[in-house]
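Novice: Let me begin by handing over the structure; questions about it come next.
Structure follows, in structure tokens:
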């Protein structure tokens, strides 16, 4: 992508209302624009990152055996009355009426709708286990939306829903998502700690929040320090291995880790002082097992092996990609801007032509640009007629992992300079060497 043809509205200064780093940087880097209280448009750069995050989420959900679909954002109030949650959910639910005065709502979550879909089509134990997921915009009318996309009213959510014949099967489905979440966040460069959590309005008695530690976190969290060095399962993990998955989950739940709602001060204080971590945390994922909370009132039943009708056991599993974009920035930035992990970066490489209009730098930059495009690399060519310092600032602000600096002095020796954004290191090399280094 040539920057001269791209839409990247960089701001010199962040608006005053931006309270945390991610909100300031997303506004300054031209990633989002606020359209209302807690409502944001994702501009091209932000949308590229959001799509990269979505791709990782999809890959790990598919790897774990979940099946993608898409449900509507508008739901019938009658479904929520069946489950008993329509009146209980509170003011966060946006309730609306259509022209025929029917009660509708803008979905804050989808347990009722997915249960209705399941009961319409699945009637035998032979058709479970089943896990269905989608990526969909949702709305929760937060009393005080703040922190940009970290706590917005409209947000993108990946929510998955599992259906099993019994509790043992449901626990295995829960474990699949537990492990899939560990892998998902690790691929985004995040160290997420699964913590015992409150189930809230979703319900049930088994729940974990996946928390990353950050000074701008919403609440205090407590964990054993060893979690920060645990290695996540690799891509070869067998999601059909019941005992193997349970062993992984046992390891990741064997040490103390809890949100403030579930904190046991006595148990935490019993840990060696060097092993205690008390910090602010950002929730990046939340998983629940809630048994038959929805299947019983909504009559989502299957015939078991003996022919008896039994309510299915369910779980739900949420990740907020739009929130994750902000969380990654909170975990990875410096004074100059964002430092994207390569898997979620909007562009992998930025080419900075340091003397736009000069024949030699134009030709070398164009050659590198076309070669990288031909190799399938996401590349941004800064071809605007701006001072080198301005180009350096833009590249650092938007966080492109690799920068190729093409200047007349280096080209006189047949070299370009390659800069790694993460640590600022630079190396002179020939254009051919740069292409070899930056090809995935």
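Residue numbers (the working numbering): 11 to 450. C-beta: ideal position from N, C-alpha, C; glycine also. A quick note: this is a predicted structure, and the numbers were derived from the prediction, not measured.
In its own chain, which residues sit with a C-beta less than 7 Å from the C-beta of residue 273, not counting the 5 before and 5 after it?
Specialist: 232
Novice: Can you grab the Cα-Cα spacing for the pair residue 360 / residue 335, in whole Å?
Specialist: 20 Å
Novice: Within a Cβ cutoff of 6 Å, which residues of the same chain sit near residue 190, ignoring the five residues on either side of it in sequence?
Specialist: Excluding five sequence positions before and after residue 190, the CB atoms of its chain that fall closer than 6 Å to its own CB belong to 70 and 74, given in chain order.
Novice: Just how far apart, CA to CA, sit residue 330 and residue 420?
Specialist: 44 Å
Novice: Within this structure, are the beta carbons of residue 183 and residue 325 separated by less than 9 Å?
Specialist: yes
Novice: Can you tell which of 241, 207 and 148 has the C-alpha that lies nearest to the C-alpha of residue 216?
Specialist: 207
Novice: So if DSSP puts residue 148 in a beta bridge, which residue, or which two residues, is it bridged to?
Specialist: 165
Novice: With a cut-off of 8 Å on the beta carbons, I'd call residue 222 and residue 243 a contact; round off their distance for me.
Specialist: That belief does not hold up - the Cβ atoms of residue 222 and residue 243 are roughly 18 Å apart, past 8 Å.
Novice: For the segment 343-397, list the beta strand (DSSP E) runs that are entirely contained and at least 3 residues long, ordered along the chain.
Specialist: Listed in chain order, the complete beta strand (DSSP E) runs (minimum 3 residues) inside the segment 343-397 are 359-363 and 389-392.
Novice: I need the boundaries of the alpha helix (DSSP H) containing residue 435, first residue and last residue.
Specialist: Taken as a continuous stretch (DSSP letters only), residue 435 belongs to no alpha helix (DSSP H), as it is neither H nor E.
Novice: Taking the DSSP output, what are the residues bridged to residue 291?
Specialist: Per DSSP, the beta-bridge partners of residue 291 are 223 and 229.
Novice: Applying the 10 Å Cβ sphere with the 16-neighbour rule, what's the burial state of residue 78?
Specialist: exposed
Novice: Checking contacts by CB at 9 Å: is residue 220 closer than that to chain D?
Specialist: Looking at the structure shown, chain D is missing, and only one protein chain is on hand.
Novice: In terms of residue numbering, what span does the beta strand (DSSP E) encompassing residue 113 cover?
Specialist: Unbroken beta strand (DSSP E) run through residue 113: 113-116.
Novice: Measuring only the C-alpha atoms, how far is residue 130 from residue 21?
Specialist: 51 Å
Novice: Answer with buried or exposed for residue 435, where buried requires no fewer than 16 other C-beta atoms within 10 angstroms of its C-beta.
Specialist: exposed
Novice: Can you list, in chain order, the residues of its chain with a C-beta nearer than 7 Å to that of residue 415? Leave out the 5 residues immediately preceding and following it.
Specialist: So the qualifying residues of the chain are 362, 364, 426, 427 and 429.
Novice: What three-state label does DSSP hand residue 20 in the structure shown?
Specialist: coil
Novice: Among the candidates 298, 437 and 305, whose CA atom is the shortest distance from the CA of residue 125?
Specialist: 305
Novice: Who are residue 324's beta bridge partners in DSSP?
Specialist: 173 and 301
Novice: Hey, how far is the Cα of residue 63 from the Cα of residue 161?
Specialist: 18 Å
Novice: Please look up how many angstroms separate the CB atoms of residue 312 and residue 138, rounded, as I've assumed it's under 8 Å.
Specialist: 6 Å
Novice: Under a three-way DSSP split, which group does residue 141 fall into?
Specialist: Taken through DSSP and simplified to helix, strand or coil, residue 141 comes out as strand.
Novice: Within a Cβ cutoff of 7 Å, which residues of the same chain sit near residue 256, ignoring the five residues on either side of it in sequence?
Specialist: 185
Novice: Could you compute how far the alpha carbon of residue 36 sits from the alpha carbon of residue 68?
Specialist: 24 Å
Novice: Report the CB separation of residue 249 from residue 295 in whole angstroms; it is logged as a contact under 8 Å.
Specialist: With a Cβ gap of about 17 Å, residue 249 and residue 295 do not count as contacting.
Novice: Please confirm whether residue 148 and residue 83 have their CB atoms less than 9 Å apart.
Specialist: yes
Novice: Three-state secondary structure (DSSP) at residue 58?
Specialist: helix
Novice: One question on the structure: do residue 431 and residue 411 come within less than 9 Å of each other, judged by their Cβ atoms?
Specialist: yes
Novice: Within a Cβ cutoff of 6 Å, which residues of the same chain sit near residue 45, ignoring the five residues on either side of it in sequence?
Specialist: 51
Novice: Going by CA-CA distance only, name the one from 448, 26, 146 and 136 that's closest to residue 158.
Specialist: 26
Novice: Does the Cβ-Cβ distance between residue 267 and residue 204 come in under 9 Å?
Specialist: yes
Novice: Alpha carbon to alpha carbon, how far is residue 19 from residue 39?
Specialist: Rounded to whole angstroms, residue 19 to residue 39 spans 7 Å at the Cα level.
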